[in-house]
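Counted the way mature numbering (1 follows the signal peptide of the UniProt record, and there is no 0) counts, the sequence shown spans residues -35 to -1, 1 to 274.
Where is the CB? At the ideal position from N, CA and C, for every residue including glycine.
On a predicted model such as this, the values are computed, not experimentally measured, just so you know.
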Amino acid sequence: MRGKHSAFSTLSRPSLSTLFSLWVFIIAAIHGAKAALTRRVVCPDAQEHRNQCRVLRSLPIRNNIVDSLFHKQCTEEPPPPSPESRFDLPRRVAFSPVGKAQGEFAGGGADGWTILFSETETNFHANLGTDDRCTTETTADFIQFAGAIGIAQCPGVPQLGFMFGRKDAAQAAPNGLVPEPFDTVDSILPRMLDVGFHDFQVVWLLSAHIVAAADRVDDIIPRTPFDSTPEIFDTQFFIETQLRGQTFPGQGGIQGEVMSHLHSDMCLQSYHLLARDSRTSCEWQSFTNDREKFPETFPDVMGDAADLD
């Protein structure tokens, strides 16, 4: 096997960019937020006002993320939106109700495990390229918060909601719960159903890859996008993955990659198979000419993914 692989992320979420250090950034963000809060915000003590207080505390952090981390833009150049988004969605599926029912520790879902246990987790094969930087309320909350803010910088993205209250992981999730680019549809769909997503919702989840790129599938061409308009939340991803492959954007012959229609794009094997499988192809095709589906499906499925535990 040549090259390293990112997670099949977002069902996989291969990232738009090189590694961030979430820890370094969030320390600066929190310090800046505390300074701002000292001057501008007085949080009430009553229990019923706690959520309002959290929102007020999050505003300076949000502004710092937008200005300092994303530079108010959706771009493949650092600092891009996707590493946070990438941390965001794929790692949420790293738990298994089936495993839990059998008495095994089966992960905690959206609980910040990739950062809290980064020395272990970022070395798992499905997590290559998701290193390091992060807390607002918790590390788990920050990952979801930054993901929602990051992807919102891209034109056309439906507005995503955000809720506080995630608990941080107490231990690392088991290896093998995040699908890989080279996994078959027969293995991907049962894994996703285990965490509550039906076949059509797996396609909805992959809408997040419209503004994503592959960092660690082919190391010689990092940040290779998955469609020709990676900076715009449009339907090209679903169109171009259905076209006949013509070439590899890099060296080729890497596990988890198939030929792409365009030399500038990368097509993962998992995308190729899901776009053609009888269980998912109709839903996949429905996105090619229905731009209005995004506001209906994307916030809904991302909200479900954010609540996984």
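{"Item": "Residue interval of the alpha helix (DSSP H) (run including V167)", "Value": "D164 to L170"}
{"Item": "Residue of D148, A117 and R188 minimising C-alpha distance to G215", "Value": "R188"}
{"Item": "Closest residue to I153 among V182, L238 and S193 (Cα-Cα distance)", "Value": "L238"}
{"Item": "Proximity winner among V160, A113, D133 and A117, relative to V143 (alpha-carbon distances)", "Value": "V160"}
{"Item": "Neighbour-count burial assignment, E145, 16 or more Cβ in a 10 Å radius", "Value": "buried"}
{"Item": "C-alpha distance - S(-27) paired with A117, whole-angstrom precision", "Value": "Only weak support exists for where S(-27) lies, its pLDDT of 44 falling under 50; the value from the coordinates is given anyway. Approximately 19 Å between the Cα atoms of the pair."}
{"Item": "Assigned exposure category for M231 - 16 Cβ within 10 Å defines buried", "Value": "buried"}
{"Item": "Exposed unless 16 or more other CB atoms sit within 10 angstroms - verdict on Q234", "Value": "buried"}
{"Item": "Simplified DSSP state of E261, which is helix, strand or coil", "Value": "helix"}
{"Item": "Residue environment, T149, which counts as buried when at least 16 other CB atoms sit within 10 Å", "Value": "exposed"}
{"Item": "Assigned secondary structure, A113 (DSSP; H/G/I helix, E/B strand, else coil)", "Value": "helix"}
{"Item": "Nearest-angstrom Cβ-Cβ length linking V168 and T245, presumed shorter than 8 Å", "Value": "5 Å"}
{"Item": "CA-to-CA distance, A179 to T95, given in whole angstroms", "Value": "In this predicted model, T95 has a pLDDT of only 39, less than 50, meaning its place in the structure is not dependable enough to derive any value."}
{"Item": "Start-to-end residues for the alpha helix (DSSP H) that takes in M231", "Value": "Counting along the chain, M231 falls outside any alpha helix (DSSP H), and DSSP gives it neither H nor E."}
{"Item": "In DSSP terms, what T189 is bridged to", "Value": "A179"}
{"Item": "Cα-Cα separation between H226 and F203, rounded to whole angstroms", "Value": "12 Å"}
{"Item": "Identity of the residue in M128, G121, C39 and N29 nearest A271 by Cα", "Value": "M128"}
{"Item": "Pair within 7 Å by beta-carbon distance, A113 and D133", "Value": "no"}
{"Item": "T194 in three-state terms, based on DSSP", "Value": "coil"}
{"Item": "Same chain, Cβ closer than 7 Å to H14, five either side skipped, listed in chain order", "Value": "Residue placement at H14 is flagged as unreliable, the pLDDT there being 48, under the threshold of 50; the coordinate-derived value follows with that caveat. Nothing meets the Cβ criterion."}
{"Item": "Test item: CB-CB of F259 and P120 under 7 Å", "Value": "no"}
{"Item": "L239, DSSP secondary structure in three states", "Value": "helix"}
{"Item": "Whether T200 touches T253 by CB criterion (7 Å)", "Value": "yes"}
{"Item": "Per-residue burial, H174 [other beta carbons within 10 Å of its own, 16 or more giving buried]", "Value": "buried"}
{"Item": "Best match in P264, D242 and F198 for proximity to Q207 [C-alpha to C-alpha]", "Value": "D242"}
{"Item": "Status (buried if at least 16 other CB within 10 Å, exposed otherwise) for Q109", "Value": "buried"}
{"Item": "Per DSSP, cross-strand counterpart(s) of S225", "Value": "T212"}
{"Item": "Supposed contact pair E222 and V182 - C-beta distance, whole angstroms, cut 8 Å", "Value": "6 Å"}
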